[in-house]
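Undergrad: Residue numbers (our numbering): 7 to 208.
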Ligand SMILES: CC(C)(COP(=O)(O)OP(=O)(O)OC[C@H]1O[C@@H](n2cnc3c(N)ncnc32)[C@H](O)[C@@H]1OP(=O)(O)O)[C@@H](O)C(=O)NCCC(=O)NCCS
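(1) Could you tell me the boundaries of the beta strand (DSSP E) in which residue 199 lies?
(2) Going by the beta-carbon positions, is the gap between residue 89 and residue 132 smaller than 7 Å?
(3) Do residue 6 and ligand 1 come close, with the Cβ less than 6 Å from some heavy atom?
(4) List the residues that DSSP assigns as beta-bridge partners of residue 92.
(5) Do residue 39 and residue 60 have their C-beta atoms closer together than 7 Å?
(6) Using the three-state DSSP reduction, which class does residue 30 fall into: helix, strand or coil?
(7) Per DSSP, residue 60 forms a beta bridge with which residues?
(8) Quick one: what's got a C-beta closer than 7 Å to residue 68's C-beta in the same chain, skipping five residues either side?
(9) With 16 other CB atoms within 10 Å as the buried threshold, where does residue 199 fall?
(10) For residue 12 and residue 178, I'd like the C-alpha separation in whole angstroms.
(11) When DSSP labels each residue in this structure, what does residue 208 get in the three-state scheme?
(12) Ends of the alpha helix (DSSP H) at residue 155?
(13) Are the region 106 to 122 and the region 161 to 172 in contact at 8 Å, needing three or more beta carbon pairs?
Okay, structure coming up:
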């Protein structure tokens, strides 16, 4: 069965960190190459990153990456990585707005939230061969659960998406993310969703 795994932040050996970083790098570069319309970074920019950048993306205390992995087969226990998402934070509302290059409307929304913890979702991607089967939904759900468990009194998950990326925007909408403004250039929407608070309404 396809599953969502959380990548570790600490590794028993430098070799195991490097091996995981190489797989992470390969999937991220594949995402940038196959879906350039979806990201503000480019394949050329990130292909030039050295090993240290990929290592620190995995081990940074402020980031957490989830990967969708293919089912195992009898003759292959090295399961293919099919999708990923990274959660960055916690940020203050102002830091999150700066990270997202948010306009005044999005800044005001984030600053007005009762919580002070904001997390930003980045690098969201599922390989074209595996789309439409729920992996994207699973990755966002894993990210939201991580945010909720990291901030039990509630937090805001935010992200940005190009206005032209309608399929991603429809998925975010279905999962409860609402537009709160734009980026400063005006070609991306900034979306946000509050995670569960420590109470439930009937
Ligand atoms: C956006 C993206 C990550 C979504 O991944 P995904 O795995 O296809 O997401 P899901 O399968 O959970 O949902 C996608 C659609 O498939 C449908 N779906 C979900 N489970 C399904 C299933 N079992 N069978 C058929 N369809 C299904 C959903 O209803 C959804 O439909 P929608 O387009 O009306 O929202 C993927 O399209 C992608 O990588 N795009 C390129 C990169 C990108 O745009 N990233 C976002 C940057 S902001």
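We put the CB at the ideal spot given by N, CA and C, even for glycine.
TA: This is what the structure holds:
(1) Looking up residue 199 in the chain shown gives position 193. Where residue 199 is concerned, the enclosing beta strand (DSSP E) stretches over 194 to 200.
(2) Position 83 of the chain shown, counted from the start, is the residue given in the question as residue 89. Position 126 of the chain shown, counted from the start, is the residue given in the question as residue 132. Against a cut-off of 7 Å, the Cβ pair of residue 132 and residue 89 comes out as a contact.
(3) What is shown of the chain runs 7 to 208, which leaves residue 6 out entirely.
(4) Counted from its first residue, the chain shown places residue 92 at position 86. Note: residue 92 sits in a beta bridge opposite 71, 128.
(5) Counting from 1 along the chain shown, the entry for residue 39 is found at position 33. Counting from 1 along the chain shown, the entry for residue 60 is found at position 54. Contact: no.
(6) The sequence position of residue 30 within the chain shown is 24, counting from 1. The three-state secondary structure of residue 30, taken from DSSP, is helix.
(7) Taking the first residue of the chain shown as position 1, residue 60 is located at position 54. Answer is none; residue 60 lacks a bridge partner.
(8) Translated into the one-based positions of the chain shown, residue 68 becomes position 62. Same-chain partners within the cutoff: 94, 95.
(9) Here residue 199 refers to the residue found at position 193 of the chain shown. Looking at its Cβ environment, which holds 16 or more other Cβ atoms inside 10 Å, residue 199 is buried.
(10) The residue labelled residue 12 in the question sits at position 6 within the chain shown. The residue labelled residue 178 in the question sits at position 172 within the chain shown. Computed Cα separation, rounded: 21 Å.
(11) As a working note, residue 208 is residue 202 in the chain shown. Bear in mind that the predicted position of residue 208 carries a pLDDT of just 45, short of 50, making it unreliable; the figure below should be weighed with that in mind. DSSP places residue 208 in coil when its eight states are reduced to three.
(12) Walking along the chain shown from the start, residue 155 turns up at place 149. Counting along the chain, the alpha helix (DSSP H) containing residue 155 begins and ends at 141 to 156.
(13) Contact between the region 106 to 122 and the region 161 to 172 is present: 3 or more CB-CB pairs across the two stretches fall below 8 Å.
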